[in-house]
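Residue numbers (this note's numbering), protein chains in the order written: chain A, 1 to 485; chain B, 1 to 284.
As C-alpha cells, then:
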C-alpha cells in the first residue's frame with residue numbers, strides 16, 4: 001500500500017474515529033494526569049482483588065412498612081415503639097421505618113390494635129436513613145485518613161429500599177476494617193464553669209436514644225435525645241452546681257466528640273425551670289432555623305450517636321485480599337489476556353494464512369482493548385471478573401471480524417466497491433443483531449446493585465458497543481483498502 | 001481442524017436434530033431431578049449457599065490443610081498448578097467464622113478470604129435467577145424483532161435455551177457449582193450462542209443461492225468464529241486455572257463447555273430445523 005492510500009484511509013471517518021479513540025484512551029490512561037510511577041498500569045482503577053484490601057457487606061436490621069389508613073400515626077408509632085422496644089420513624093404519611101428486624105407476623109397484631117393494617121412489608125431502610133449511614137461511615141473512614149474507600153448502598157432488584165451497605169477499603173486488612181466499622185467515638189457533655197473552663201458532666205454511654213431532626217412550632221430544628229436515670233441525675237446536678245440553671249448564658253452546655261467541640265449552647269429557660277424541680281430524661285438540642293439549622297441538626301444527631309449507626313447492621317459477607325496476592329493476580333490476568341490475544345492470532349492465521357488479513361484483525365482487536373480500558377478507567381474498577389469480561393470481548397470481537405472478512409471475501413475474491421459495500425452492510429447487519437442480544441443479555445447483570453459482576457457485565461456491554469460503533473466499521477474499511485491494492 | 005470434517009450437508013434434518021434433542025431431554029431430566037431433590041437445578045456454590053472460600057499459595061499438602069482446619073466445616077480443597085490451593089468451607093456462625101479468620105491469618109497470612117452469609121446467599125440466588133430470566137426474555141425479543149418470522153426466530157431461541165440447559169446439565173455432571181461467576185458465564189452464553197445462529201439464519205434465509213452451498217459457507221465461517229472465541233477462552237481458562245484465580249477459571253470452564261454445546265446446537269439443531277423448514281417451503 002502506498003502512502004496515498006494510507007492517507008485516504010486515515011481520512012475515512014471510521015478509521016479516523018478509531019485512531020482518535022485509541023489516542024484519547026492512551027492519553028487518559030497515561031497522561032491525564034501523568035503517572036510515570038505506576039508504569040504500565042497508568043491511571044487504571046483496580047478493584048480490591050487486584051490491589052489488595054478488605055470488603056464488608058452489611059445488612060440493615062430494619063423494615064419499612066406501608067400501612068393504611070394513612071395519617072393516623074400517633075398511637076400506632078407509640079404502640080410499635082413500646083411493643084417492639086425499637087425506634088420507629090415516620091418516613092411519610094403512610095410509611096414507617098421500624099429499626100429492628102421484626103417479622104411481619106409480629107407486626108400485624110400491633111397494627112391491628114391501632115386500627116391500621118400493613119399494606120406492604122419490606123426489609124431495608126428509608127433512603128434518608130441509608131444516606132445517614134453512608135455519611136457516618138464516610139466520616140469514620142475519612143477521620144482515619146483513608147483515601148481509597150468506597151461505600152455503596154445496595155438495593156436488591158425488586159425492592160424499593162436499600163437493604164445493604166458495602167464498604168471497600170483498599171490496603172486494609174480484615175481486622176482493621178472491622179475495627180473501623182465497630183468502634184465508636186468518645187462523646188462527652190461538659191458544662192461551662194467560669195470563663196472558658198468546663199467541667200465533665202457525663203459520657204455518651206448515658207445517652208439511651210437519639211431521635212431524628214425535628215422542627216419545633218417556631219421553626220427551629222433540633223435533635224431530641226434521652227438520658228439514663230443516672231445520666232439525668234448527673235445532668236441536673238451539673239446544671240445546678242455550675243449555675244447554668246440561674247444564668248444559662250454564662251454557662252453553656254458543651255458537647256465534645258473525640259476532643260472536638262461539636263455543639264455549645266445555653267440551657268433553655270423552660271428546661272432550666274424543669275431542672276430545678278427534678279431530673280429531666282428527654283431533652284432536645286436546637287440548632288437554628290432553615291436549611292442551615294437542618295444541616296446542623298443532622299450533624300449533631302450523628303455526633304450524639306458518637307459515630308454509632310442509627311440502625312443495627314449485621315455483617316452478611318466479607319473478604320480480604322493481601323496486597324501481595326493482588327499483585328500476583330494482576331500479573332496472572334495480564335498474562336491471560338496476552339496469551340488469549342496470541343492464541344486467537346494463531347487460530348486466525350491458521351484459517352487465512354495471510355498476514356495482510358491477520359495483522360489488521362489482531363491490531364483492530366488490540367485497539368478495541370485499549371479503547372475499552374480507556375473508557376473503563378472512568379467508570380469501572382478492573383477486578384478479576386471484569387478482566388474475564390475483557391477477554392471474552394476479545395473472543396467475540398475476533399469472531400465478528402471473521403464474519404466481516406468472510407462476507408466480504410465471498411468466494412475468495414475481493415468484489416467491486418459497490419458489491420463490497422452491500423456485503424459489508426450485510427455483515428454489519430448480522431453483527432448488529434448479535435450485539436443487541438449480548439447487550440440485552442448482560443443488561444440485567446449490569447443494572448443489578450447486588451451483583452459483584454457489574455464490572456463484568458458493563459465491560460461486555462461496552463465492548464459490544466465500541467465494537468459495533470467503532471472498531472468493526474473501521475476494520476471493514478481497512479481490510480478493503482488492503483485487499484484491493 | 002477436526003470439526004471442519006463434519007459435512008454439514010451429509011445428513012437429513014431428522015438425523016441432524018436427533019442428538020441435540022436427546023441431550024436436551026437428558027439435561028432436562030437431570031436438572032429436573034436435582035430440582036426435585038434439592039430445590040435447585042444445580043448445586044449452589046459458596047456465593048449462593050453461604051460459606052467461606054480461601055485462596056492460598058502454600059506448599060502444605062491436602063492432608064496438612066485438612067488437619068489444620070479439622071474443627072471447621074471444610075468442604076473441599078482444590079489444587080491448582082504450583083502451590084495454589086482453593087479451600088471451601090460451609091456456612092458457620094459469626095464466632096466460628098471469626099475464629100477461622102484468626103486461624104487463617106496465623107497459618108496463612110497471605111490468603112484471600114471471602115465469606116458469604118447463608119441468607120445473603122439466598123438473596124443473591126434470587127437476584128441471579130431474575131437476571132437469567134430477564135436476559136433470556138430480552139434475547140428472545142431481540143431475535144423475534146430481527147427475524148419477524150416464527151420458525152427461524154423460534155429456532156434460535158430454542159438453540160439458546162438448549163445451550164444453557166445442556167451446559168447446565170454438564171456442569172452438574174462434572175461438578176461445577178452454580179455461583180455468581182458461572183451464572184454470568186451462562187448469561188454470556190446467551191449472547192455468544194446467538195452469534196453463530198444469526199449468521200446461519202441470515203445466510204440461509206437472506207442470501208440467494210443453493211442451500212447446500214450456503215450451508216457449507218455459513219458452516220465454514222461459523223466454525224472459525226467459534227474456534228477463535230474458544231481459543232481466547234481456552235487461553236484465559238488455562239492461565240487462570242494455573243494461577244488459581246477461581247472466578248475466571250469458573251467463568252472459563254462454563255464458557256468452554258457452552259461453546260462446544262453451542263457448536264452442536266447451531267450446526268445440528270438449528271441447521272437441521274432450518275434445512276427442513278426451507279426444504280418443505282420449496283415443495284409447496
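Built from N, CA and C at the ideal position, the CB exists for glycine as well.
Only counting the same chain, and skipping five residues up and downstream in sequence, which positions put a Cβ closer than 8 Å to that of residue 2 (chain B)?
Confidence in residue 2 (chain B) is poor, its pLDDT being 47 and thus under 50, which makes the residue's placement too unreliable to answer from.
Under DSSP, the alpha helix (DSSP H) around residue 245 (chain B) begins and ends at which residues?
Annotation: residue 245 (chain B) is outside any alpha helix (DSSP H) and is labelled neither H nor E by DSSP.
Please list, in chain order, the chain B residues whose beta carbon lies closer than 8 Å to that of residue 396 (chain A).
Neighbourhood of residue 396 (chain A) in chain B, by CB distance below 8 Å: 191, 192, 195 and 229, in chain order.
Name the residue from B:260, B:227, B:279 and B:49 whose alpha carbon lies nearest to the alpha carbon of residue 349 (chain A).
Distances from the CA of residue 349 (chain A) to each of B:260, B:227, B:279 and B:49 were compared; the closest alpha carbon is that of B:227.
Out of A:25, A:139 and A:326, state which residue places its alpha-carbon closest to the alpha-carbon of residue 258 (chain A).
Comparing Cα positions, the closest option is A:139.
Check distances from the C-beta atoms of the region 33-64 of chain A to those of chain B and list, in chain order, the residues that come in under 8 Å.
Only those residues of the region 33-64 of chain A whose C-beta falls short of 8 Å from the nearest C-beta of chain B are listed: 49, 57 and 59.
Taking the alpha-carbon of residue 313 (chain A) as reference, which of A:273, A:167 and A:41 has the nearest alpha-carbon?
Of the listed residues, the one whose Cα sits closest to residue 313 (chain A) is A:167.
Against chain B, does residue 376 (chain A) count as a neighbour if the rule is that its beta carbon must be under 8 Å from one of theirs?
In terms of beta-carbon proximity, residue 376 (chain A) stays away from the interface with chain B, with every pair separated by 8 Å or more.
Where the region 98-116 of chain B meets chain A: residues whose CB sits under 8 Å from a CB there
Those residues of the region 98-116 of chain B that come within reach of chain A (Cβ to Cβ, closer than 8 Å) are 101, 105, 109, 110, 111, 112, 113, 114, 115 and 116.
Drop a sphere of 10 angstroms on the beta-carbon of residue 200 (chain A), count the other beta-carbons inside from all chains shown, and report buried for 16 or more, exposed for fewer.
When all chains shown are included, residue 200 (chain A) counts as exposed.
Whose CA, out of A:178, A:35, A:154 and A:478, lies closest to the CA of residue 320 (chain A)?
Answer by Cα proximity: A:178.
Contact set between the region 299-333 of chain A and chain B, restricted to residues whose Cβ is under 9 Å from the partner:
Along the region 299-333 of chain A, the positions whose C-beta sits under 9 Å from a C-beta of chain B are 314, 315, 316, 317, 318, 319, 320, 321, 322, 324, 325, 326, 328, 329, 331, 332 and 333, read in chain order.
Looking at residue 264 (chain A) and residue 252 (chain A), is the spacing between their C-beta atoms short of 8 Å?
Their beta carbons are under 8 Å apart, which means residue 252 (chain A) touches residue 264 (chain A) by this criterion.
Contacts that residue 295 (chain A) makes with chain B (C-beta to C-beta distance below 8 Å):
Near residue 295 (chain A) there are no residues of chain B at all, since even the closest Cβ is about 34 Å away, more than 8 Å.
What separation, rounded to the nearest whole angstrom, lies between the Cα atoms of residue 254 (chain B) and residue 193 (chain B)?
Between the C-alpha atoms of residue 254 (chain B) and residue 193 (chain B) there is a straight-line separation of about 13 Å.
Between the Cα of residue 470 (chain A) and those of A:7, A:22 and A:8, spot the shortest distance and give me the residue it belongs to.
The shortest C-alpha separation from residue 470 (chain A) is found at A:22.
Can you tell me which residues form a DSSP beta bridge with residue 225 (chain A)?
Paired residues: A:210 and A:283.
Contacts around residue 266 (chain B), its chain only, beta-carbon distance under 7 Å, and the 5 residues preceding and following it disregarded:
So the qualifying residues of the chain are 159, 196, 197, 200 and 222.
Exposure of residue 281 (chain B), with buried meaning 16 or more beta-carbon neighbours within 10 Å
Here residue 281 (chain B) is exposed, its C-beta having fewer than 16 other C-beta atoms within 10 Å.
Tell me the start and end of each unbroken alpha helix (DSSP H) in the region 380-441 of chain A that is at least 4 residues and wholly inside, in chain order.
Secondary structure remark: continuous alpha helix (DSSP H) runs of at least 4 residues inside the region 380-441 of chain A, in chain order: 384-408.
Simplified DSSP state of residue 200 (chain A), which is helix, strand or coil:
Looking at residue 200 (chain A) - three-state DSSP - the assignment turns out to be strand.
Grouping DSSP H, G and I as helix and E and B as strand, with all else coil, what is residue 120 (chain A)?
Looking at residue 120 (chain A) - three-state DSSP - the assignment turns out to be strand.
Sequence-distant residues of the same chain with beta carbon closer than 7 Å to residue 276 (chain A), five excluded per side
Here the set comprises 245.
Output the distance between the C-alpha atoms of residue 323 (chain A) and residue 261 (chain A), rounded to the nearest integer angstrom.
If I take the Cα positions, the gap works out to 38 Å.
So what does residue 89 (chain B) bridge to, in DSSP terms?
DSSP lists B:52 and B:74 as the bridge partner or partners of residue 89 (chain B).
Can you check whether the C-beta of residue 480 (chain A) is within less than 8 Å of a C-beta belonging to chain B?
Not an interface residue.
Take the Cβ of residue 283 (chain B) as the centre, count every other Cβ of all protein chains shown within 10 Å, and call the residue buried at 16 or more, exposed below.
Any reading at residue 283 (chain B) needs caution, since the residue's pLDDT is 49, under 50, leaving its predicted position unreliable; the model's value is listed next. Residue 283 (chain B) should be labelled exposed.
Can a CB atom of chain B be found closer than 8 Å to the CB of residue 343 (chain A)?
At least one CB of chain B lies nearer than 8 Å to the CB of residue 343 (chain A).
Whole angstroms is fine: what's the gap from residue 55 (chain A)'s alpha carbon to residue 70 (chain B)'s?
Going by the C-alpha atoms only, they are around 27 Å apart.
Residue 30 (chain A) versus A:385, A:420 and A:375, residue with shortest Cα-Cα distance:
Checked all of A:385, A:420 and A:375; the closest Cα to residue 30 (chain A) is A:375.
Counting only Cβ-Cβ distances shorter than 9 Å, please list the residues of the region 147-167 of chain A near chain B, keeping chain order.
Hits within the stretch, in order: 156, 157, 158, 163 and 164.
Sub-8 Å separation of residue 361 (chain A) and residue 401 (chain A) beta-carbons:
It is a contact, given that the beta carbons lie within the stated cut-off.
Out of A:159, A:460, A:152 and A:309, which has the shortest C-alpha to C-alpha gap to residue 369 (chain A)?
Just measuring C-alpha positions, the residue of A:159, A:460, A:152 and A:309 sitting nearest residue 369 (chain A) is A:460.
Roughly how many angstroms lie between the CA atoms of residue 165 (chain A) and residue 58 (chain B), to the nearest whole one?
For residue 165 (chain A) and residue 58 (chain B), the distance between alpha carbons rounds to 34 Å.
Please confirm whether residue 245 (chain A) has its beta-carbon closer than 8 Å to some beta-carbon of chain B.
Cβ-Cβ to chain B under 8 Å: no for residue 245 (chain A).
When the Cα atoms are used, what is the spatial distance from residue 64 (chain B) to residue 444 (chain A)?
If I take the Cα positions, the gap works out to 43 Å.
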